[in-house]
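So the structure is just underneath, and the comments pick up after that.
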Amino acid sequence: MNTALIQQIIDGLAALMLLVSFSLLAQHRMLSVLHWFAVQGWLLAITSAFVAYGTGHHELYVSAAMTLLLKGLLLPWLLWRVIKRLHVHREVEPLVNLTLTMLIALGITLFSFHIIQPIEKISQLLTRDSMAIATACVLLGMLMMITRRKAITQVVGFLAVENALFFAAIGSTNGMPLVVEIGIAFDVLIAALIFGLFFFQIRTTFDSLEVDAMHASLVEREEEE
Amino acid sequence: MSPFLVTLMTPLIGGFVLAAVEDARIAARINVASGVITFGASLALAVSVAQVGSLNAVGGWFFLDAFNVFLVALTAFVGMTTAIFSGPYMRHEIAHGRMDARRMRLYHSMFQLFQFGMLLGFTANNIGVLWVSLELATLATVLLVSLYRTPASIAAAWKYFVLCGMGIALALFGTVMIFFTSSSVLGHGNEALTWTLLMDESSKLDPVVMMIAFCFLMVGYGTKVGLAPMHAWLPDAHGEGPTPVSAVLSGLLLNLALYALVRLKMLVDGATGTDTAGHIMMSFGLLSLFVAAFSLHKQRDIKRLFSFSSIEHMGLMTFAFGIGTHLASFAALLHMTVHSLVKSGIFFTVGHAAQAMGTQKMTGIRGLIRHHPGIGWGLLVGTVAIAGFPPFGVFTSEFLLLTATLDAHAWTCILLLLGLLVAMTGLLRFVQPMAFGEPASDAVAVRVNMLPVYVHLLLALMLGLFIPGFLAGWYDQAAALIVSAPLEGL
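Chains as they are written, first to last, in the numbering used here: chain C, -13 to 211; chain V, 133 to 622.
Right under this line is the structure:
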């Protein structure tokens, strides 16, 4: 394949990445949030593989495989297990209604393209257009974290931010050095395990996975003094 | 084995060994032993670095210069004294049913892993590894904050985890951006993240990208430093966790985050050749000073009170590093040292006071000097030291900072003095009745170990009265490193 074609494929994948970030925000049901989260993991792995092929950086195949295992399979499966085990209510319960969320998301995307403009001009890399999309995805993940009521959707938002960061690393720099990448993957894995542990602690202590209940306990603690 | 490897590996091995030790008493001893070995090795390391100036270790993956080796020694020292303090303190907690044997294992193991993450972060010669180790140190402490399993502690740990996780994610984004520009200079590999190489080439990095990267790094690592307005996690995490954890979080972890920020600022300055990064840091620093100083007056919980004081001091240091002159950097480094010593000492005292009075509420703690003279005087002297009275080291460093500010940005002096004054009154108005006041009747006698506190306060006193020549030379060298860095780039 020639470089132009690979460039186009990667741009296409970047566009899909943005689309998936929007879909994650638009879901009503918990299970479909997880589905889209898994799709995001697969997209990342495919992008890494393409960049590896296009640039000849073979260590990227390793990170593609790691991504597929960790973010495409293991994490969605773990979250799915948690939902089953804890009988989490199936609705997502956003704090801001979905239409408004979508409009804010649109604004965020425009903003990201605006701030990244000076960077795009100077880059010589194969994948320079993806930096703006990665920035948008990071901010969309954060939007998801702040507009959701449940601890578990917050975690999906958190992991979506991690995915977007990974996409930034792959998309705009052709991947970080392997040592750093392994370190990051390891941290994400530990973080996910700790999150899992927390779900059970929160559930047994607060009897729900609502973030409000936790916040209330801190406020109460402060006021009783 | 070289002293460097002993320093770094002892906590890692300790962490794994302690995960397997059932008996809490033995585990506490191993914890102390590991702390003593780490500190001893770090001293040996400091001596060897002082002889040669700077040192590369393990094939260039690690490096040590005047700036980080003193932080390594400080971390190892406070880690050791905290381990000594934690033994009797945690025994009391077990006796009162707040802890059980299984969680003690988690506690000791995570304490050592935290120490490992800290030392790895300070010595790593790769800004990617620096990020990984900061995340490691955070993850290790998350479970420690929720150790008591009370609703408030779980909520605090969750807040800590989510906010700091988010902050650290932004810092990673900044690191990716640096790699984005540096890989076109240094090639697509580890070299492009290697600190020593980056520093030599910093003028070739793209200024626009570096500035955007710095904004992400500032907010990201700034969250971990506890700078306002990203500080919301800090008082909760420090207030709800066990006291030894509060002591190392306040005294050490914040330093590592600030260290990361300063290192990266040196790079950004080299690339942009302007003071913009420093000005951003100064604004965050001043804002934190003010937010913390006024919040101090509203506190009811003694540990939350002193965690706001940590925000205040981190703000001061960020401000000082932001000014970026030789004198300001010197003041910031000195302040970092005395703050770590005094603040962890205060947390030890506060832990004992809360145990003696059976509460962390400040209205419940009264007349400590009459009841427990050791704790009472410790708290009073510690507070006087941290509030910046002479003859303690905090006074010296704040005085130097003000002098440096007069040289660089004279008008901010008024703001600084106002902030310091408000913070000082905030501390004294609460501590005075706790130290004197009418003693509460239901105070219990606790076995206290005030030795670590006295050692910390004595060191802070010594740094206030006279700074030994070798130490002053050291700070001087480190400050020169921080300041001269951008000049080379220009």
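Every residue gets a Cβ at the ideal spot worked out from N, C-alpha and C, and that includes glycine. Bear in mind that the values here come from a model prediction, so they are computed numbers and not experimental data.
Cβ separation of residue i and residue j, assumed to be a contact under 8 Å, to the nearest whole Å
i, j, result
"Leu262 (chain V)", "Ala392 (chain V)", "6 Å"
"Leu388 (chain V)", "Ala269 (chain V)", "7 Å"
"Gln26 (chain C)", "Asn160 (chain C)", "At roughly 20 Å, the Cβ-Cβ gap does not stay under 8 Å, so Gln26 (chain C) and Asn160 (chain C) are not in contact."
"Met117 (chain C)", "Gly58 (chain C)", "Wrong, their Cβ atoms sit about 23 Å apart, outside the cutoff."
"Ala51 (chain C)", "Ile94 (chain C)", "The pair is not a contact, with the Cβ atoms about 32 Å apart (cut-off 8 Å)."
"Phe254 (chain V)", "Thr207 (chain V)", "7 Å"
"Leu448 (chain V)", "Leu419 (chain V)", "Wrong, their Cβ atoms sit about 12 Å apart, outside the cutoff."
Amino acids of chain V, ordered along the chain, whose beta-carbon sits closer than 8 Å to that of residue i
i, result
"Phe293 (chain C)", "The structure shown does not extend to residue 293 (chain C), since chain C is modelled only from -13 through 211, so no value can be given for it."
"Glu148 (chain C)", "Ala301"
"Leu151 (chain C)", "Ala301, Leu304, Phe305, Val308"
"Asp173 (chain C)", "Val264, Glu267, Leu268, Leu271"
"Gln140 (chain C)", "Val294"
"His100 (chain C)", "In chain order: nothing, as chain V lies at least about 12 Å away."
Whether residue i touches residue j by CB criterion (8 Å)
i, j, result
"Phe199 (chain V)", "Leu187 (chain V)", "no"
"Leu20 (chain C)", "Trp66 (chain C)", "yes"
"Ala460 (chain V)", "Ala536 (chain V)", "yes"
"His370 (chain V)", "Lys435 (chain V)", "yes"
"Phe305 (chain V)", "Leu151 (chain C)", "yes"
"Ser476 (chain V)", "Ser439 (chain V)", "no"
"Leu473 (chain V)", "Ala592 (chain V)", "yes"
"Gly558 (chain V)", "His429 (chain V)", "yes"
"Val166 (chain C)", "Leu325 (chain V)", "yes"
"Leu552 (chain V)", "Gly520 (chain V)", "yes"
"Thr133 (chain C)", "Val197 (chain C)", "no"
Straight-line Cα distance separating residue j from residue i
i, j, result
"Val351 (chain V)", "Ser49 (chain C)", "28 Å"
"Val277 (chain V)", "Leu465 (chain V)", "28 Å"
"Phe416 (chain V)", "Lys70 (chain C)", "44 Å"
"Tyr280 (chain V)", "Lys336 (chain V)", "51 Å"
"Leu532 (chain V)", "Leu589 (chain V)", "20 Å"
"Gly596 (chain V)", "Val526 (chain V)", "7 Å"
"Met242 (chain V)", "His14 (chain C)", "39 Å"
"Ile614 (chain V)", "Lys493 (chain V)", "42 Å"
"Arg502 (chain V)", "Val585 (chain V)", "19 Å"
"Thr469 (chain V)", "Leu266 (chain V)", "19 Å"
"His629 (chain V)", "Trp63 (chain C)", "Here chain V covers residues 133 to 622 and nothing more, so residue 629 (chain V) does not appear."
"Pro684 (chain V)", "Thr528 (chain V)", "Here chain V has residues from 133 to 622 only, and residue 684 (chain V) is not among them."
"Leu29 (chain C)", "Met88 (chain C)", "22 Å"
"Ala301 (chain V)", "Ala345 (chain V)", "13 Å"
"Phe99 (chain C)", "Gly191 (chain V)", "41 Å"
"Ile105 (chain C)", "Thr307 (chain V)", "15 Å"
"Ile169 (chain V)", "Met212 (chain V)", "9 Å"
"Val74 (chain C)", "Leu396 (chain V)", "43 Å"
"Leu144 (chain V)", "Gln244 (chain V)", "7 Å"
"Val184 (chain V)", "His445 (chain V)", "32 Å"
Where residue i meets chain C, residues with beta-carbon distance less than 8 Å
i, result
"Arg281 (chain V)", "Gln187, Thr191"
"Gly297 (chain V)", "Phe144, Ala177"
"Leu325 (chain V)", "Met162, Pro163, Val166"
"Ile443 (chain V)", "Correct list: empty, because the minimum Cβ distance to chain C is about 16 Å."
Member of the options whose CA lies at the smallest distance from the CA of residue i
i, options, result
"Gly456 (chain V)", "V:Ala409, V:Phe422, V:Leu271", "V:Ala409"
"His228 (chain V)", "V:Leu560, V:Phe246, V:Gly490, V:Arg561", "V:Gly490"
"Phe311 (chain V)", "V:Lys291, V:Val294, V:Glu333", "V:Glu333"
"His467 (chain V)", "V:Thr142, V:Leu386, V:Leu366, V:Asp155", "V:Leu386"
"Pro571 (chain V)", "V:Val380, V:Leu552, V:Gly499", "V:Gly499"
"Thr139 (chain C)", "C:Leu30, C:Leu17, C:Gln26", "C:Leu17"
"Val580 (chain V)", "V:Ala424, V:Asp338, V:His224", "V:His224"
"Ala424 (chain V)", "V:Phe293, V:Ala364, V:Ile478", "V:Ala364"
"Trp22 (chain C)", "C:Thr133, C:Val205, C:Ser9, C:Leu204", "C:Ser9"
"Val400 (chain V)", "V:Met222, V:Val317, V:Ala488, V:Leu330", "V:Leu330"
"Val179 (chain V)", "V:Leu271, V:Phe136, V:Ala215", "V:Phe136"
"Phe248 (chain V)", "V:Pro374, V:Leu271, V:Trp509, V:Phe451", "V:Leu271"
"Thr355 (chain V)", "V:Leu295, V:Gln609, V:Val153", "V:Leu295"
"Val340 (chain V)", "V:Met141, V:Thr313, V:Tyr353", "V:Thr313"
Residue i: contacting residues in chain V (beta-carbon distance under 7 Å)
i, result
"Leu204 (chain C)", "Ala284, Ala287, Ala288, Asp368"
"Ser158 (chain C)", "Phe312"
"Arg134 (chain C)", "Ordered by position in chain V, no residue passes the 7 Å Cβ test against Arg134 (chain C), which lies about 12 Å from the chain."
Contact set between residue i and chain C, taken where Cβ atoms lie within less than 9 Å
i, result
"Asn322 (chain V)", "Pro163, Leu164, Val165, Val166"
"Gly101 (chain V)", "The question about residue 101 (chain V) has no answer, for chain V in this structure spans 133 to 622."
Neighbour list for residue i in chain V, Cβ cutoff strictly below 9 Å
i, result
"Gln26 (chain C)", "Chain V residues near Gln26 (chain C): none, gap ~15 Å exceeds 9 Å."
"His201 (chain C)", "Ala287, Lys291"
"His43 (chain C)", "His320"
Contact set between residue i and chain C, taken where Cβ atoms lie within less than 7 Å
i, result
"Val274 (chain V)", "Ile180"
"Ser315 (chain V)", "Thr159"
Per-residue contacts from residue i into chain D (C-beta, under 7 Å)
i, result
"Val340 (chain V)", "As a matter of chain content, chain D is missing from the structure shown, whose protein chains are C and V."
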